[in-house]
Amino acid sequence: MDQGPLEDVLAAAAALARGELVGLPTETVYGLGADATHAEAVAKIFASKGRPHFNPLISHIASLEAAEALGVFSPLAQKLAEAFWPGPLSLVVPRQPDCAVCDLACAGLDTIALRVPSHPLMQKVLRAFGKPIAAPSANVSGRPSPTTAGHVLEEFGDRIALVLDGGPSVVGLESAVVAVTGDQATLLRLGGLSRTELEAVAGPLLAPDASAKAAPASPGMVLRHYAPRAPLRLHGATAEAGEVMIGFGPGFDGADFNLSSSGDLVEAAANLFAMLRAADAMTPSAIVIAPIPETGLGEAIADRLARAAEP
Ligand code: TXA
Ligand code: MG
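All residue numbers for the sequence shown refer to the working numbering, where the first residue is 2 and numbers rise by one.
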């Protein structure tokens, strides 16, 4: 396998540090990578994928030690990590309270998906960059996952700083995704590891809905998005007494928060989850959200807000 020269690795790490997108080889499929701690860089991932939706992304790190700084590993999660990392397994675990990965990469969830990939070139980038890299598969929504650098260039050539060519992905299937809370493991996505291989280490894996029944104390552990306690009022112009206003665009300079005073949807996406949390922390009678155009990332923002507004 082509290990790639050191300059390419350093160029990728430098582009990530500038908040740009980079095509990265992993043993499963190629990823569309960004600095996972940099919300605007992560927003560019969603903007580039087409039909944007704030699905939570996998954060890639170089080692279990680096993963433990971001997520809480129960003994079972540790056992799975030790058995399969580096490799095609993503573990969804509770976020550490001081988790450096931005809210947008986790789509506002209190859990985080973590993976230590084995591809030698990706390992070098992770070590050179020194921070977690958020990366979904580098395909436009609805298209097959990319397993060569050429595939990535075809789809994202004009949106990425560069793609590192690490040869064809040897697994060719996305990672298996397993959520672990305490001593319960739930298989969320089959992938580069079989159920048999996983169960040999973890014991029987729950199906996503079975786990909700088996553990009513942690309902919807699988994909429970952050929902503010305060009711949301969408398409509002001003806040009444006791309400908090989240504006959008230059007309909202006096608002408590502004998703983007210049009206930039990428910046708005980057700020969305953190501002919802901050507004909610003020314990208002309602959170009023200004109208946001439903073009580009505005569609994903509208979708997320509509779901957060449901009682
Ligand atoms: O092999 C792979 O996993 C590739 C390479 C690039 O690492 N990445 C990948 O990412 O397939 P993506 O974004 O296409 O798929 C991530 C999956 C999605 O099914 C997502 O819903 C799930 O992981 N996921 C991420 N965070 C989650 C969370 N906190 N809770 C539940 N599911 C999560
Ligand atoms: Mg994908």
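We put the CB at the ideal spot given by N, CA and C, even for glycine.
Nearest-angstrom beta carbon gap, residue j and residue i [assumed within contact, 8 Å]
{"i": "phenylalanine 55", "j": "leucine 105", "result": "7 Å"}
{"i": "valine 117", "j": "serine 64", "result": "6 Å"}
{"i": "valine 245", "j": "proline 292", "result": "Not really, about 17 Å apart at Cβ, beyond 8 Å."}
{"i": "alanine 18", "j": "aspartate 36", "result": "7 Å"}
{"i": "alanine 231", "j": "alanine 310", "result": "At roughly 11 Å, the Cβ-Cβ gap does not stay under 8 Å, so alanine 231 and alanine 310 are not in contact."}
{"i": "glutamate 155", "j": "alanine 139", "result": "Contact flag wrong, Cβ pair sits at about 10 Å."}
In DSSP terms, what residue i is bridged to
{"i": "alanine 287", "result": "Glu244"}
{"i": "phenylalanine 258", "result": "Ile247"}
{"i": "serine 91", "result": "Val178"}
{"i": "arginine 234", "result": "Val289"}
{"i": "glutamine 185", "result": "Thr182"}
{"i": "arginine 116", "result": "His61"}
{"i": "isoleucine 302", "result": "According to DSSP, which records beta bridges pairwise, isoleucine 302 is partnered with nothing at all."}
{"i": "glycine 34", "result": "Val23"}
{"i": "valine 190", "result": "Valine is not the amino acid found at residue 190; the sequence shown has arginine there. Partner(s): Val178."}
Residue i to residue j span [Cα, whole Å]
{"i": "glycine 158", "j": "threonine 27", "result": "18 Å"}
{"i": "serine 91", "j": "alanine 78", "result": "11 Å"}
{"i": "proline 6", "j": "alanine 68", "result": "27 Å"}
{"i": "alanine 114", "j": "alanine 180", "result": "8 Å"}
{"i": "serine 313", "j": "arginine 234", "result": "This structure cannot settle anything about residue 313, because the visible part of the chain is limited to 2 through 312."}
{"i": "valine 10", "j": "valine 153", "result": "17 Å"}
{"i": "proline 89", "j": "glycine 248", "result": "41 Å"}
{"i": "proline 145", "j": "isoleucine 290", "result": "36 Å"}
{"i": "glycine 34", "j": "serine 263", "result": "26 Å"}
{"i": "alanine 279", "j": "glycine 143", "result": "34 Å"}
{"i": "leucine 58", "j": "valine 94", "result": "13 Å"}
{"i": "valine 223", "j": "glutamate 8", "result": "Low local confidence applies: a pLDDT of 42 at valine 223 is under 50, so the model's placement there is unreliable, and no value is given."}
{"i": "valine 171", "j": "leucine 81", "result": "21 Å"}
{"i": "alanine 303", "j": "alanine 201", "result": "43 Å"}
{"i": "alanine 1", "j": "alanine 136", "result": "Residue coverage of the chain in this structure runs from 2 to 312, which leaves residue 1 outside it and unanswerable."}
{"i": "arginine 196", "j": "alanine 238", "result": "51 Å"}
{"i": "proline 217", "j": "threonine 112", "result": "Confidence at proline 217 is low in this model, with a pLDDT of 37, below 50, so its placement is unreliable and no value can be given for it."}
{"i": "glycine 250", "j": "arginine 305", "result": "19 Å"}
{"i": "methionine 283", "j": "leucine 260", "result": "17 Å"}
{"i": "asparagine 272", "j": "leucine 165", "result": "30 Å"}
{"i": "arginine 308", "j": "glutamine 124", "result": "37 Å"}
Residue i vs residue j beta-carbon contact at 8 Å
{"i": "leucine 194", "j": "proline 209", "result": "no"}
{"i": "leucine 174", "j": "glycine 151", "result": "no"}
{"i": "glutamate 300", "j": "glutamate 41", "result": "no"}
{"i": "valine 141", "j": "lysine 50", "result": "yes"}
{"i": "glycine 243", "j": "alanine 48", "result": "no"}
{"i": "leucine 207", "j": "alanine 177", "result": "no"}
{"i": "tyrosine 31", "j": "glycine 24", "result": "yes"}
{"i": "histidine 61", "j": "isoleucine 134", "result": "yes"}
{"i": "proline 229", "j": "leucine 277", "result": "yes"}
{"i": "cysteine 103", "j": "histidine 39", "result": "yes"}
{"i": "alanine 162", "j": "leucine 22", "result": "yes"}
{"i": "phenylalanine 274", "j": "glycine 167", "result": "no"}
{"i": "glycine 131", "j": "glutamine 97", "result": "no"}
{"i": "proline 169", "j": "threonine 149", "result": "yes"}
(message) With three or more C-beta pairs closer than 8 Å as the rule, is the segment 252 to 261 touching the segment 72 to 87?
(response) Cβ pair count under 8 Å is below three, so no.
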